[in-house]
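J.:
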Amino acid sequence: MTMIYGDNLQIDAHVKQCNSTNIICLVTTISDTIIKIDCAAQLNPDMPITLKIPGLSLITANLLWKKNDEYGCQIDYTFHPAVIKDMVRRLDRKRLVAV
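Position 54 (the sequence shown) corresponds to 59 in this note's numbering; numbering is contiguous.
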(Lines of atoms letter the chains of each structure in order from A and count residues from 1; the text may use other names and numbers.)
(Lines give C-alpha, C1' and ligand atoms only; values in the text may rest on other atoms or scores of the structure.)
Protein backbone atom coordinates (compact mmCIF):
# COMPACT_ATOMS: atom_id res chain seq x y z
CA MET A 1 0.00 0.00 0.00
CA THR A 2 1.38 3.42 -1.01
CA MET A 3 1.51 6.01 1.75
CA ILE A 4 1.23 9.69 0.80
CA TYR A 5 3.51 11.81 2.96
CA GLY A 6 3.30 15.10 1.10
CA ASP A 7 0.40 16.34 -1.01
CA ASN A 8 -0.48 19.72 -2.53
CA LEU A 9 3.22 20.67 -2.54
CA GLN A 10 5.24 23.18 -4.55
CA ILE A 11 8.78 21.83 -4.74
CA ASP A 12 10.94 23.13 -7.60
CA ALA A 13 12.74 20.36 -9.49
CA HIS A 14 14.09 19.41 -12.90
CA VAL A 15 13.16 16.46 -15.08
CA LYS A 16 15.19 14.99 -17.92
CA GLN A 17 14.37 12.29 -20.42
CA CYS A 18 16.89 10.52 -22.67
CA ASN A 19 18.95 13.19 -24.44
CA SER A 20 16.76 16.16 -23.49
CA THR A 21 17.95 19.15 -21.52
CA ASN A 22 16.85 19.70 -17.93
CA ILE A 23 13.22 20.82 -17.89
CA ILE A 24 11.75 22.77 -14.98
CA CYS A 25 8.95 20.97 -13.18
CA LEU A 26 7.05 21.18 -9.92
CA VAL A 27 6.74 18.25 -7.51
CA THR A 28 3.18 18.32 -6.16
CA THR A 29 2.87 14.97 -4.36
CA ILE A 30 5.39 12.62 -2.77
CA SER A 31 4.72 9.16 -1.39
CA ASP A 32 7.04 6.30 -0.56
CA THR A 33 7.13 5.06 -4.20
CA ILE A 34 5.23 7.66 -6.26
CA ILE A 35 6.00 11.27 -7.17
CA LYS A 36 3.52 13.49 -9.01
CA ILE A 37 4.99 16.31 -11.07
CA ASP A 38 3.55 19.22 -13.01
CA CYS A 39 5.50 19.81 -16.22
CA ALA A 40 4.54 21.74 -19.35
CA ALA A 41 6.87 19.64 -21.55
CA GLN A 42 5.56 16.61 -23.42
CA LEU A 43 7.29 13.61 -21.84
CA ASN A 44 7.36 10.23 -23.57
CA PRO A 45 5.45 7.72 -21.38
CA ASP A 46 7.50 4.83 -22.78
CA MET A 47 10.82 6.22 -21.55
CA PRO A 48 12.07 6.57 -17.96
CA ILE A 49 12.78 10.01 -16.54
CA THR A 50 15.48 11.36 -14.27
CA LEU A 51 14.24 13.75 -11.61
CA LYS A 52 16.51 16.15 -9.74
CA ILE A 53 15.18 17.51 -6.46
CA PRO A 54 17.59 19.85 -4.63
CA GLY A 55 19.58 18.07 -1.93
CA LEU A 56 18.80 14.56 -3.20
CA SER A 57 20.58 12.19 -5.54
CA LEU A 58 19.13 11.82 -9.03
CA ILE A 59 15.88 9.86 -8.98
CA THR A 60 14.99 7.50 -11.83
CA ALA A 61 11.29 6.90 -12.40
CA ASN A 62 8.81 5.47 -14.88
CA LEU A 63 5.79 7.46 -16.02
CA LEU A 64 2.54 5.79 -14.99
CA TRP A 65 -0.03 8.29 -16.22
CA LYS A 66 -0.53 11.78 -17.64
CA LYS A 67 -3.42 14.19 -17.11
CA ASN A 68 -3.03 17.64 -18.68
CA ASP A 69 0.40 18.80 -17.42
CA GLU A 70 0.51 16.34 -14.50
CA TYR A 71 2.50 13.10 -14.56
CA GLY A 72 2.47 10.24 -12.07
CA CYS A 73 5.95 8.76 -11.69
CA GLN A 74 6.91 5.50 -10.00
CA ILE A 75 10.39 5.70 -8.49
CA ASP A 76 12.84 2.79 -8.51
CA TYR A 77 13.07 2.51 -4.72
CA THR A 78 11.12 3.35 -1.58
CA PHE A 79 11.56 6.70 0.16
CA HIS A 80 11.90 6.51 3.92
CA PRO A 81 9.21 8.70 5.58
CA ALA A 82 11.91 10.78 7.34
CA VAL A 83 13.49 11.68 3.98
CA ILE A 84 10.14 12.86 2.64
CA LYS A 85 9.39 14.83 5.80
CA ASP A 86 12.78 16.58 5.61
CA MET A 87 12.36 17.30 1.90
CA VAL A 88 8.93 18.87 2.44
CA ARG A 89 10.18 20.91 5.41
CA ARG A 90 13.17 22.30 3.46
CA LEU A 91 11.81 22.69 -0.06
CA ASP A 92 8.03 23.16 -0.18
CA ARG A 93 7.45 26.76 -1.37
CA LYS A 94 3.92 26.85 0.05
CA ARG A 95 5.21 25.90 3.49
CA LEU A 96 8.11 28.38 3.34
CA VAL A 97 5.77 31.26 2.46
CA ALA A 98 3.42 30.37 5.32
CA VAL A 99 6.18 30.41 7.96
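Ideal Cβ placement from N, Cα and C applies to all residues, glycine included. Remember, it's a predicted structure, so these values are computed and weren't measured experimentally.
Whether or not the region 64-84 and the region 40-55 are in contact is what I'm after, with contact meaning three or more pairs of Cβ atoms, one per stretch, closer than 8 Å; do they touch?
T.: The region 40-55 vs the region 64-84: in contact.
J.: What separation, rounded to the nearest whole angstrom, lies between the Cα atoms of Ile-58 and His-19?
T.: Taking the straight line from one Cα to the other gives about 7 Å.
J.: For Gln-15 and Val-93, I'd like the C-alpha separation in whole angstroms.
T.: Approximately 9 Å between the Cα atoms of the pair.
J.: Is the Cβ-Cβ distance between Val-32 and Ile-39 less than 8 Å?
T.: Against a cut-off of 8 Å, the Cβ pair of Ile-39 and Val-32 comes out as no contact.
J.: Where do the N-terminal and C-terminal ends of the beta strand (DSSP E) with Ile-29 fall, by residue?
T.: Taken as a continuous stretch (DSSP letters only), the beta strand (DSSP E) holding Ile-29 covers 28-36.
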